[in-house]
Each structure stands twice: as structure tokens, then as C-alpha cells.
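Here is the structure we will look at.
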């Protein structure tokens with residue numbers, strides 16, 4: 026008995042519709058973090074972030090409440106926390122990190 030790849034085994038046991046449903050359910054399970062939570066995980070206050078980013082504290086508060094953000098704002102916010110913003114495009118089975126955004 027030979028070995029089988031995960032993809033081969035999955036294709037044998039689950040149809041494409043079920044695979045798509047399982048994938049969608051798995052993606053829904055991924056934890057999504059609000060910006061406020063990200064700041065708190067980093068151990069920073071709004072004042073700390075304002076000082077590190079050049080935003081005013083009131084701007085930090087507004088950014089954390091917004092649902093739609095410009096990439097430049099997100100980058101500045103994340104960098105002020107000591108992190109790096111990555112944007113990844115997922116097309117089918119391909120994941121590509123975008124450099125110029």
C-alpha cells in the first residue's frame with residue numbers, strides 16, 4: 026500500500042462542494058482581531074500609540090472605531106505598535122504577498 030497525499034485523500038473522501046463548505050467554515054473560525062484589541066495585545070494605550078505614530082489621541086480613537094481603513098493608515102498604526110503590515114492576495118490555492126501597497 027503506497028502513501029497518498031492529503032489532497033488525494035481529501036478528493037477521494039469529499040466532493041468539491043463539501044470541500045468548499047469545510048474551507049469556508051474553517052476560514053470563519055479564524056480569529057479576527059479589532060484594532061483596539063491589537064493595541065491592547067501590544068500593551069499600548071491610545072496615548073502611547075498617538076505618540077509613536079504622530080496621530081492625535083482622538084484620531085487613534087476614531088481609527089479604532091472605523092470599519093473602513095486606508096492601507097496607509099493601517100500601516101502607520103501597525104508600525105507604531107512595532108509591527109509590520111502585510112497584505113496578502115488569495116486567488117484559488119495561491120497566496121501572494123503584495124509589496125507595493
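Residue numbers (the numbering used here): 26 to 126.
Cβ coordinates follow ideal geometry from the N, Cα and C atoms, glycine included.
In this text, all values refer to a predicted model and were calculated from it rather than measured experimentally.
Of all C-beta pairs linking the segment 33-40 to the segment 58-68, fewer than three are shorter than 8 Å, placing the two stretches out of contact. According to DSSP, residue pairing for residue 114 in a beta bridge involves 121.
By the criterion of a C-beta distance shorter than 8 Å, residue 109 is surrounded in its chain by 103, once the five residues flanking it on both sides are discounted. Counting only residues of its own chain and dropping the five nearest sequence neighbours on each side, residue 78 has a CB closer than 8 Å to the CB of 85, 101, 102, 104 and 105. Taking 8 Å as the cut-off, the beta carbon of residue 111 is found closer than this to the beta carbon of residue 122. Close CB contacts of residue 72 within its chain, under the 6 Å cut and outside five residues either way in sequence, are with 82 (chain order).
Separation of the CB atoms of residue 96 and residue 126 is rounded to 5 Å, and the pair is thereby assigned contact status at 8 Å. CA-CA distance, residue 41 to residue 31, rounds to 14 Å. Shown here, residue 36 sits in a helix according to DSSP, grouped into three states. Rounded to whole angstroms, residue 51 and residue 45 show a C-alpha spacing of 10 Å.
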